[in-house]
């Protein structure tokens, strides 16, 4: 019976050894790396795939001509360091889930030893008892360990890992939305700078026309020469503004190029600014409803909540460190160490086998109060995450409130700026006709010219700010999408 039981232990360990070796060889090949717990399913295909479902490869050629807003956002989401870092964190957290699940499986380790053994025994005055033996000795063993019960330690570890993974996924959503928002605003800024240059061209042309008209009136003695100087001053100011805005347009274009992983000096052609935008009814809920909605759905809130759950599981982990564990243990070993019947006797080749299997109970009795302090440390981390959750809740509510109020204001300014530009244009055209006919004054002409230039600038700013605000509010709600960056 003993021999049969010993053979069963031997066969068990040999079988497990072959299985373990196969798993090791399979996992050693990166192209065939095993994922028995399917943790890779939690990892997006690329840093931008949660939003860009149709662009899996994230590969782009030269920028489009013109570069559309959608292409700019797609490039930024794929290439931004923050999105890549958030994606890498998900990979790390997914692997952590795998580690937590691995704790439920047995462990099997193998050791081997090959040595050249020289054994020399020299018995003084009794040479017959002396010996000199040399041989190659090899030994090997398989060791099995399997935690059967640990009073919730592994379960808490797995809960911690899963909560951290969900938090990382939510954090990636928040990062993607932030990059989405920043890129859209950068595109709007570059568009506005280009449109302001177009407005500057019109202002310079108007100033040139005013100067020509003043020169004609002075030439015919209908006005003093000071009117030429006044018109020249206005023309020089228009050129100065045009030069300044040209530099700002290049800076805005460089910022946009950098945001989409291109060199700042890359020439970009953008879509023209659509000034004929009209406010829509996208955000019709009250600000209180929007704040409540953001508290429920914003990815930053979900990430903070899961971080808190992970910290709470950490308390259970820490407490489990001071509790008993029940473990299945076993070992099988063999060697070919020679045997000697006695002093002076020859060594005989032999093989030895040894094996056991049983249950091990480990009961922590005293750990130097380490477990006590580990629990306190874990509880303090819960308190920290609870504070972080409250802080995130306040920040989300404040962002929604601020974005909502700003959007309401700029929506009104959108209509006012359109009316202002129309009236300023009519005033300028009227003053120009009056001046050419000899009725108006140079001051009237230059005043309406300046008012028109300012009205055009305010119109561009109003359209751009309104577009900013729509994106900012959608981002504050945690639901920014393609529909929020296109004009309606």
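In my numbering, the protein residues as written are 11 to 498.
Ideal placement from N, C-alpha and C gives every residue a C-beta, glycine not left out.
Given the structure is predicted, the values throughout are model-derived calculations rather than measurements.
Around residue 384, the same chain offers 328, 331 as residues with beta carbons nearer than 8 Å, after the five sequence neighbours per side are excluded. Around the beta carbon of residue 114, fewer than 16 other beta carbons lie within 10 angstroms, which makes this residue exposed.
Within the model, the alpha-carbon separation for residue 51 versus residue 212 is close to 57 Å.
Looking at the backbone, the Cα of residue 158 and that of residue 149 are separated by about 30 Å.
For residue 317, the closest C-alpha among the options 443, 240, 255, 177 is that of 177.
Using a 10 angstroms sphere on the CB of residue 299, the tally of other CB atoms stays under 16, which defines it as exposed.
In the three-state scheme derived from DSSP, where H, G and I count as helix and E and B as strand, residue 372 is classed as strand.
For residue 242, the closest of 263, 215, 267, 255 by C-alpha to C-alpha distance is 215. Annotation: the continuous beta strand (DSSP E) that includes residue 154 extends over 141-159. Take residue 263, set aside five residues on each side of it, and the residues of its chain with a beta-carbon closer than 6 Å to its own are 200, 278, in chain order.
With a threshold of 16 other beta carbon atoms within 10 Å, residue 362 falls short and is exposed.
Taking a C-beta distance under 8 Å as the contact criterion, residue 210 and residue 255 qualify as a contact pair.
The beta carbon of residue 156 sits closer than 6 Å to those of 116, 338, all from its chain and outside the five residues before and after it, given in chain order. Contact annotation: residue 224 and residue 446 have beta-carbon atoms that are not nearer than 8 Å.
In the three-state DSSP reduction, residue 231 falls in the coil class, being neither helix nor strand. Contact between residue 174 and residue 320 holds, with the beta-carbon distance rounding to 5 Å and staying under 8 Å. Here residue 71 carries a coil assignment [DSSP, helix/strand/coil]. C-alpha of residue 128 to C-alpha of residue 154: approximately 32 Å in a straight line. In this structure residue 411 is in contact with residue 301, their Cβ atoms being roughly 7 Å apart against a cut-off of 8 Å. Close CB contacts of residue 110 within its chain, under the 6 Å cut and outside five residues either way in sequence, are with 167, 168, 171 (chain order). Around the Cβ of residue 476, a 10 Å sphere holds 16 or more other Cβ atoms; the residue is buried. Residue 126 is classed as exposed because its beta carbon has fewer than 16 other beta carbons within 10 Å across all chains shown. Across the structure, residue 45 and residue 107 are spaced so that their CA atoms are roughly 11 Å apart. Within the same chain, and ignoring the five residues on either side of residue 99 in sequence, the residues whose Cβ sits closer than 6 Å to its Cβ are 178. In this chain, the alpha helix (DSSP H) harbouring residue 99 covers 91-112. In this structure, DSSP gives residue 123 an extended state, which the three-state scheme calls strand. Cβ-Cβ distances below 7 Å link residue 249 to 214 in the same chain, with the five nearest sequence neighbours on each side left out; the list follows chain order. Counting along the chain, residue 265 sits inside the alpha helix (DSSP H) bounded by residues 236-269. Excluding residues up to 5 positions away in sequence, 86, 87, 90, 92, 93 lie with their Cβ nearer than 7 Å to the Cβ of residue 189 in the same chain.
The stretch 422-439 makes contact with the stretch 458-465: 3 or more CB pairs, one atom from each, lie closer than 8 Å.
Residue 59 and residue 198 have their C-alpha atoms roughly 24 Å apart.
Setting aside the 5 residues that flank it on each side, residue 227 is surrounded in the same chain by 233, each with a C-beta closer than 6 Å to its C-beta; the list follows chain order.
DSSP places residue 489 in no beta strand (DSSP E); its state is neither H nor E. For the pair residue 442 and residue 186, the Cα-to-Cα distance works out to about 51 Å.
Taking C-beta separations shorter than 6 Å and ignoring five residues to either side along the sequence, the partners of residue 140 in its chain run 131, 132, 133, following chain order. Looking at the backbone, the Cα of residue 276 and that of residue 267 are separated by about 7 Å.
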